[in-house]
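Q: Residue numbers (the working numbering), protein chains in the order written: chain H, 10 to 374; chain L, -10 to 456. A virtual CB, placed ideally from N, CA and C, is assigned to each residue, including glycine. Dropping a structure here in structure tokens format, bear with me for questions.
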């Protein structure tokens, strides 16, 4: 009797699970995006005779089924839990946890990529920046602060800086490594947090000879919980960050001109915070070419930043020293077309890239 | 379609179960055939025609052999069946290997044929051959219903990755089979365990191989880790697939024979091959080794028979030299065991024999897993320190730490230790009742973990594309 009950229970559990899975997935409406994974989800593939014959249709269907599976996030959390707890794996897809912080291994140092970045920066210098004050700085990724102490694989940061220094001609280096600690980064995201960047901003301004005598104090405001990009990728329950931003009358009155849309907007984008990536709050996220205009500036000095996303939260803190800051993201605009939009004159120029982008510099155009 | 896919688990299988178990008895084989063809079409649309052609060919040849039984025409029909089946296999699987070697040897520039290997062709070809040969031998009755014969050939549980089910194993069940709650229960439990072996263990071990392929620092440790990981991966992958096939067959009332029996506890290479891919070993034994005379011939012919069988075994696994070398590598050890160590093996301490088997099998799989003989030699050089590389490095130590627990679980799971322990515990009535009650929860848990792994898009390789 006991055996028969077991048989019934096993058969029942199995059929309910796979039958229930079928039923729920059939009636469930498809989602367009995954907010936790920060990506668009695959939609039902378009049926075609050719796709049916060569198998492409089924390949697409398989991808669609995986993306649209009911309780997808919950299942991803089960997988992460299995790997961490049962298999005792120290990382999952290169993502690892230390306390409540999520990190992504980025190694080894790709020396060819660093050389490529140096080559590109030199070319831009030669093409546009002759006679101008040109600086470069490097934002360390989070691994710099924790990976070595906790036994995770990481780049050789000293070698990265040495290679860059050796490769760049007529650039002045501004070291910001010592102005940062792991507490200056979001726990659930790859980026640094703006509230930890005042020291970095001061170092940069000072190095570019834009000392601020009477800095306008910042007001620290909180937007609430922020789940960074690593949070969704890691599929692990950790406490959210709190997104704090700095503001003052200079920042509030400054405007951002987007060369792509030809429109003006604010520095801080509240809609962006509630979008796919909360970090888009700063300068509305991905923008190939923008200029922040600061009418309240005490000087006419202008700054051009060749940048990645790390500069989005930093640039507002540099406004104190400049009337205009132009931000160029070479991932989305090619350097050959820059003089179509920008007149290179006597601006200060800063190349500010994170170690992650420098190590994958092929994405810079 | 793979068993280890969300499409199969949550769409194909539940729909099939509903249709199959609600269909009248006389439509059950038709249901299985149609779903099996759909299963194959999902992964190999174009080659579905080849599967149908091979099935029909096998069926017609069986009928001809039976019709002309006792005459030369029966033998001609058998030869025709073998020529067509082996010819198709040779054409699709081995022609590019042949062309490549001719080009290398004579400097010619014949173009390679623009074909990919049809999935499962090696398995279903051997099934069809076993049928026509057995019909010729009179050991099985001819199948007069095309539908039932096609169901046998295309039966999805064993279609793409085995085991190689001989016709006589399921001859009676094709005609009529009982469906019982116990069979469904046993089928489900076997399927879920096989699925967990494949998805949770084999796929995780496969990641070590992927890290090894993209390694930034070559170390002796990394070469050994990759070799051991593959040795465990292929066992969990292949035996997991066999478990799933046997389990699915059982759900639908078929009783396939076992395909793996803890091969890594073997104490000789001879024993290893009695425990590893049993259905293939038996196929070669029944249709090649014994017809050649087996061991009932003089020593020289016996050695020849062993060499032929192991050449074919290696070649069956893939159209490349490393597979042939792999087969012949085992042939050498089998010859040594049979001719030189006969009677001596028993006197060697068990632990030494275990170590010997594991070492030989490990080296064999390094050759098996390589893309070419050059790569295989390079990997062996790396393992034994002939590549002027350090013993350990930061990266290899990191990955050892990252996958250590999976290695340990996989090593323990490759022995009957847990099964024996469970059997021992079950003799206690209280434990027996408790485990019975917990068993359904265990399967649910495993299914949820597997689903999580699949949905997260984790590494899910298919090892049999070269078979």
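If you measure beta-carbon to beta-carbon, which residues of the segment 44 to 76 of chain H are closer than 8 Å to chain L?
A: The residues in question are 61, 62, 63, 64, 67, 70, 71, 74, 75.
Q: Answer with buried or exposed for residue 120 of chain H, where buried requires no fewer than 16 other C-beta atoms within 10 angstroms of its C-beta.
A: Burial call: exposed.
Q: Have a look at the DSSP bridge pairing and note the partners of residue 251 of chain H.
A: For residue 251 of chain H, which the question treats as bridged, DSSP gives the partners H:234.
Q: Of all the residues that make up the segment 228 to 255 of chain H, which are near chain L by a beta-carbon distance shorter than 8 Å?
A: Within the segment 228 to 255 of chain H, the qualifying residues are 244.
Q: Could you give the C-beta distance for residue 268 of chain L and residue 248 of chain L, rounded to a whole number, given that I count them as a contact under 8 Å?
A: That belief holds up - the Cβ atoms of residue 268 of chain L and residue 248 of chain L are roughly 5 Å apart, short of 8 Å.
Q: Strictly by DSSP, which residues pair up with residue 143 of chain H?
A: According to DSSP, residue 143 of chain H bridges with H:358.
Q: Looking at chain H, is there any beta carbon in it that lies within less than 8 Å of the beta carbon of residue 390 of chain L?
A: So, interface residue.
Q: What are the boundary residues of the beta strand (DSSP E) that residue 335 of chain H is part of?
A: Per DSSP, residue 335 of chain H belongs to the beta strand (DSSP E) from 333 to 337.
Q: Contact criterion: CB-CB distance below 8 Å. Does residue 287 of chain H meet it with respect to chain L?
A: It does not; no Cβ of chain L falls within 8 Å.
Q: Out of L:442, L:387, L:235, L:420, which one is the CA nearest neighbour of residue 161 of chain H?
A: Per the Cα distances, L:387.
Q: Is it the case that the Cβ atoms of residue 91 of chain H and residue 438 of chain L are separated by a distance below 8 Å?
A: Yes, these two residues count as a Cβ contact at 8 Å.
Q: State yes or no: is the C-beta of residue 161 of chain L within less than 8 Å of the C-beta of residue 194 of chain L?
A: Their beta carbons are not under 8 Å apart, which means residue 161 of chain L does not touch residue 194 of chain L by this criterion.
Q: Per DSSP, which residues does residue 194 of chain H bridge with? Please list them.
A: Paired residues: H:201.
Q: Using a cut-off of 9 Å between C-beta atoms, extract the partners of residue 4 of chain L located in chain H.
A: The contacting residues are 31.
Q: May I have the straight-line CA-CA distance separating residue 186 of chain L from residue 362 of chain H, to the nearest angstrom?
A: Whole-angstrom Cα-Cα distance: 44 Å.
Q: In three-state terms, what does DSSP make of residue 425 of chain L?
A: Note: residue 425 of chain L maps to helix in three-state DSSP.
Q: Quick check: what's the CA-CA separation for residue 416 of chain L versus residue 11 of chain H?
A: Cα to Cα, residue 416 of chain L sits roughly 15 Å from residue 11 of chain H.
Q: Within 10 angstroms of the Cβ of residue 366 of chain H, are there 16 or more other Cβ atoms? Answer buried if so, exposed if not.
A: Its Cβ being crowded by 16 or more others within 10 Å, residue 366 of chain H is buried.
Q: For residue 131 of chain H and residue 298 of chain H, what's the separation of their Cα atoms in angstroms?
A: If you take the alpha carbons of residue 131 of chain H and residue 298 of chain H, they lie about 20 Å apart.
Q: Show which residues of chain L have a CB atom less than 8 Å away from the CB atom of residue 100 of chain H.
A: Under the 8 Å cutoff, chain L gives 391.
Q: What residues of chain L sit near residue 85 of chain H, judged by a beta carbon separation below 7 Å?
A: Here the neighbours are 441, 444, 445.
Q: Going residue by residue through the segment 23 to 72 of chain L, where are the continuous alpha helix (DSSP H) segments of at least 4 residues, counting only ones entirely within it?
A: Runs found: 37 to 56.
Q: Do you know offhand how far residue 75 of chain H's Cα is from residue 107 of chain L's?
A: Distance between the alpha carbons of residue 75 of chain H and residue 107 of chain L: 25 Å.
Q: By the DSSP assignment, the beta strand (DSSP E) with residue 104 of chain H in it spans what residues?
A: Residue 104 of chain H -> beta strand (DSSP E) spans 104 to 107.
Q: So the candidates are H:212, H:344, H:291; which of them puts its Cα closest to the Cα of residue 319 of chain H?
A: Of H:212, H:344, H:291, the residue nearest in Cα terms is H:291.
Q: Under 7 Å Cβ to Cβ from residue 281 of chain H, same chain only, skipping five residues before and after it: list those, please.
A: Contacts found: 289, 290, 293, 294.
Q: With distances taken Cα to Cα, identify the nearest neighbour of residue 175 of chain L among L:245, L:305, L:145.
A: Closest by alpha carbon: L:245.
Q: Out of H:370, H:348, H:205, H:364, state which residue places its alpha-carbon closest to the alpha-carbon of residue 135 of chain H.
A: The candidate whose alpha carbon is nearest that of residue 135 of chain H is H:348.
Q: Starting from residue 274 of chain H, follow the beta strand (DSSP E) in both directions and report where the run begins and ends.
A: From DSSP, the beta strand (DSSP E) with residue 274 of chain H extends over 272 to 274.
Q: Leaving out five residues on either side along the sequence, give the residues of the same chain with a beta carbon under 7 Å from the beta carbon of residue 40 of chain L.
A: Contacts found: 29, 113, 143.
Q: Quick one: which chain L residues come within Cβ less than 7 Å of residue 18 of chain H?
A: Going along chain L in sequence order, the residues near residue 18 of chain H (Cβ under 7 Å) are 429.
Q: For residue 24 of chain H, report the span of its beta strand (DSSP E) as first-last.
A: Run containing residue 24 of chain H: none in the beta strand (DSSP E); it sits in the alpha helix (DSSP H), 11 to 36.
Q: At a Cβ threshold of 8 Å, is residue 167 of chain L touching chain H?
A: For residue 167 of chain L, the answer is no, since every Cβ of chain H falls outside 8 Å of its Cβ.
Q: Could you pull the DSSP bridge partners for residue 315 of chain H from this structure?
A: Paired residues: H:337, H:360.
Q: Would you grab the beta carbon distance between residue 213 of chain H and residue 260 of chain H for me? Rounded to a whole angstrom, and I think it's under 8 Å.
A: Between residue 260 of chain H and residue 213 of chain H the Cβ distance is about 16 Å, and since that is not below 8 Å, they are no contact.
Q: When you compare only the Cα positions, how much space is there between residue 321 of chain L and residue 403 of chain L?
A: Cα to Cα, residue 321 of chain L sits roughly 25 Å from residue 403 of chain L.
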